[in-house]
Amino acid sequence: LSLAIEEEAREALVEGAHGDARAALSALEIAADSARRDGREQIGTGDVRRALQERRPYYDKEGDYHYDAISAFIKSVRGSDPDAAVYWLARMVEAGEDPLFIVRRMVILAAEDIGLADPQALGVATSCQQAVHFIGMPEGFLPMAECALYLALAPKSNTALTAYARASEDARRTSHLPVPLHLRNAATGLMREMGYGSGYRYAHDEPDHYAEGERYLPEELGETRYYHAGSLGAEASLADRLARQQEPGEERSDSSSDSG
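Be aware that the sequence shown starts at 13, since it is given in the working numbering, and climbs by one per residue.
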């Protein structure tokens with residue numbers, strides 16, 4: 013059944029959509045459904061006005077809006093705005109987005125944007141994935157909302173991302189460098205005779221379980237540092253520990269004595 017639309021209905025549609033083409037199309041679909049149900053060949057003003065009030069969420073899972081919505085959600089969580097985070101989550105869920113697509117992005121965000129500032133965040137996100145997979149929808153929105161709010165409220169750190177980015181650049185550039193002999197696996201007597209593992213210091217046999225001065229990078233990389241600790245949340249204590257390890261031996265011993 014082909015349908016026409018009254019001129020007044022067309023004007024009401026344009027006015028009510030406020031320049032949003034997707035909203036206009038969504039309302040037009042609902043108005044057309046209403047006319048068809050009544051057996052009419054023309055969409056009236058009443059159909060359009062009701063449709064504008066009741067229009068279904070428009071959401072193209074393969075188009076730009078799919079990516080725009082998840083982008084808004086991720087940026088809201090990264091920006092520590094719990095209200096915006098749960099709003100964009102609801103927009104996606106109510107529109108029928110694949111819940112595991114959303115959860116997968118939360119798992120990535122937990123490692124990329126929260127990381128060591130709150131290592132539990134990754135566990136919360138992976139638990140959310142398990143819960144959603146186990147209970148399904150519609151109740152799956154509950155662990156998803158809990159996870160989104162937790163991630164938004166958590167302290168933020170991207171040091172895992174930046175450390176890996178620096179290390180991967182050097183790894184590609186220096187892939188020809190051999191593993192230092194003292195770090196190699198001495199699996200056979202011949203390997204031990206060749207010096208594999210020779211001089212390696214077992215950290216647990218050292219004071220504070222730390223082999224001061226032991227080198228683990230290829231010699232050509234010297235004392236390159238890829239990880240620069242953040243100062244928020246749990247990472248602050250990791251930063252303090254790293255700073256103590258990097259102090260000269262006598263100063264570090266004094267610090268350890270003072271703390272214990």
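From the three backbone atoms N, C-alpha and C, an ideal C-beta is built for every residue, glycine too.
Rounded straight-line distance, which links the Cα of residue j to that of residue i
i: E20; j: D32; result: 19 Å
i: E262; j: T174; result: In this prediction, E262 scores a pLDDT of 44, lower than 50, which makes its location untrustworthy; no coordinate-derived value is stated.
i: S267; j: Q258; result: Unreliable positioning characterises S267 in this predicted model, as indicated by a pLDDT of 34, which lies under 50. A coordinate reading is not provided.
i: D45; j: L101; result: 28 Å
i: G207; j: L193; result: 6 Å
i: G91; j: E151; result: 27 Å
i: Y222; j: R213; result: 9 Å
Member of the options whose CA lies at the smallest distance from the CA of residue i
i: A36; options: E109, Q65 and H145; result: Q65
i: C320; options: L189, R237, F113 and A24; result: What is shown of the chain runs 13 to 272, which leaves residue 320 out entirely.
Contact set for residue i: own chain, Cβ-Cβ below 6 Å, skip 5 residues either direction
i: G28; result: L64
i: G56; result: E18 and A21
i: L154; result: none
For residue j and residue i, believed in contact at Cβ under 8 Å, the rounded distance
i: L161; j: A255; result: No, L161 and A255 are not in contact; Cβ-Cβ is about 33 Å, not under 8 Å.
i: G245; j: A251; result: Their Cβ separation, rounded to whole angstroms, is 11 Å, which puts G245 and A251 out of contact at 8 Å.
i: L195; j: Y228; result: 7 Å
Own chain residues within Cβ distance below 8 Å of residue i, not counting five before or after
i: R117; result: I82, F85 and I86
i: A16; result: E53, Q54 and I55
i: T186; result: P230, E232 and L233
i: R61; result: A24 and G28
i: V26; result: A36
i: L121; result: I86, V89, R90, A137 and L163
i: P190; result: P230
Neighbourhood of residue i by C-beta distance below 7 Å, restricted to the same chain and skipping five residues each side
i: S265; result: Residue placement at S265 is flagged as unreliable, the pLDDT there being 36, under the threshold of 50; a coordinate-derived value is accordingly withheld.
i: P94; result: L161, A164 and L165
i: D125; result: R90, K168 and N170
Heavy atom of the ligand NAD within 7 Å of residue i beta-carbon
i: H145; result: By its list of ligands, the structure shown contains no ligand whatsoever, and the ligand NAD lies outside what it can speak to.
Residues bridged to residue i (per DSSP)
i: I160; result: The question names Ile, yet the displayed sequence has Ala at residue 160. In the DSSP output, where bridge partners are listed per residue, A160 has none listed.
i: A16; result: Q54
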